[in-house]
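Here numbering that gives the first Met the number 0 is used: the first residue of the sequence shown is 0, the next is one more, and so on.
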Amino acid sequence: MLDPEESALLGDARLGAAIAQFNAGDWYGCHDGFEELWHETAGPTRPVLQGLLQIAVGQLHLERGNRRGATILTGEGLGRLRDCPQDALGLDLAAVCRSAGLWLQALQGPEQNPDLEPPRLLPARAASQPSVD
Numbered sequence: 000m001l002d003p004e005e006s007a008l009l010g011d012a013r014l015g016a017a018i019a020q021f022n023a024g025d026w027y028g029c030h031d032g033f034e035e036l037w038h039e040t041a042g043p044t045r046p047v048l049q050g051l052l053q054i055a056v057g058q059l060h061l062e063r064g065n066r067r068g069a070t071i072l073t074g075e076g077l078g079r080l081r082d083c084p085q086d087a088l089g090l091d092l093a094a095v096c097r098s099a100g101l102w103l104q105a106l107q108g109p110e111q112n113p114d115l116e117p118p119r120l121l122p123a124r125a126a127s128q129p130s131v132d
């Protein structure tokens with residue numbers, strides 16, 4: 000059973016917009032969307048929203064050439080999401096954490112321009128569906 004606050008968030012068009020912006024690589028825009036919802040949230044979904052916005056800001060820092068900021072924010076976002084339910088907000092948090100974890104490893108390494116896909120937010124149900132090869 001979903002927490003009432005999470006149920007309300009799932010029905011909030013701003014969440015869908017922030018997710019779409021995240022997946023489009025509009026890091027600044029999705030940060031604003033997630034942050035607005037985060038300020039209105041006090042329950043168990045609060046760290047989920049904060050973790051997602053921190054990962055987005057990490058990508059924004061990376062775009063702007065701030066590797067140190069990207070490393071710090073990506074690590075903080077991963078830390079927030081680590082203990083959250085892996086299907087919170089109907090998202091596959093394990094997948095975004097794997098992707099952000101690869102970014103964090105790359106940022107901590109010597110390579111200046113890692114050739115990695117940016118993190119994406121996938122529906123939780125996609126994680127349980129078999130892949131088609």
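Built from N, CA and C at the ideal position, the CB exists for glycine as well.
May I have the straight-line CA-CA distance separating E29 from Q104, to the nearest angstrom? As a working mapping, residue 29 is identified with position 30 in the sequence shown. As a working mapping, residue 104 is identified with position 105 in the sequence shown. Looking at the sequence provided, one finds Cys at residue 29 rather than Glu. Between C29 and Q104, the alpha-carbon positions lie close to 23 Å from each other.
Nearest-angstrom beta carbon gap, T44 and L88 [assumed within contact, 8 Å]: Along the sequence shown, one-based indexing puts residue 88 at 89. Along the sequence shown, one-based indexing puts residue 44 at 45. About 6 Å; that satisfies the 8 Å criterion.
So, for L72: in the same chain, excluding its five sequence neighbours on each side, which residues have a beta-carbon less than 8 Å away from its beta-carbon? Locating residue 72 in the sequence shown gives position 73, counting from the first residue. Excluding sequence neighbours, L72 sits near Q53, I54, V56, G57, H60.
How is L90 classed by DSSP in three states: helix, strand or coil? Mapped onto the sequence shown, residue 90 falls at position 91. Residue state, collapsed to three classes: strand.
Could you tell me if V131 is buried or exposed, where buried requires 16 or more neighbouring beta carbons within 10 angstroms of its beta carbon? Within the sequence shown, the letter at position 132 stands for residue 131. Per-residue confidence for V131 stands at a pLDDT of 44, beneath the threshold of 50, marking its modelled position as unreliable; the derived number appears in the next sentence. Exposed.
Roughly how far, in whole angstroms, is the beta-carbon of L121 from the beta-carbon of C96, given that I think they are within contact range, below 8 Å? Along the sequence shown, one-based indexing puts residue 121 at 122. Along the sequence shown, one-based indexing puts residue 96 at 97. Contact flag wrong, Cβ pair sits at about 12 Å.
Given a cut-off of 8 Å, decide if W102 and L115 are closer than it, judged by their beta-carbon atoms. As a working note, residue 115 is residue 116 in the sequence shown. As a working note, residue 102 is residue 103 in the sequence shown. Cβ atoms of L115 and W102: closer than 8 Å.
Using the beta-carbon count (16 or more within 10 Å), is G133 buried or exposed? The structure shown has nothing for residue 133, since the chain only spans 0 to 132.
Counting C-beta neighbours from all protein chains within 10 Å, is the total for G76 16 or more, i.e. buried, or is it exposed? Taking the first residue of the sequence shown as position 1, residue 76 is located at position 77. Buried: at least 16 other Cβ atoms inside 10 Å.
Report, in whole angstroms, the separation of the C-beta atoms of R13 and G42, which I expect to be a contact under 8 Å. Translated into the one-based positions of the sequence shown, residue 13 becomes position 14. Translated into the one-based positions of the sequence shown, residue 42 becomes position 43. Contact doesn't hold; Cβ gap of about 17 Å is too wide.
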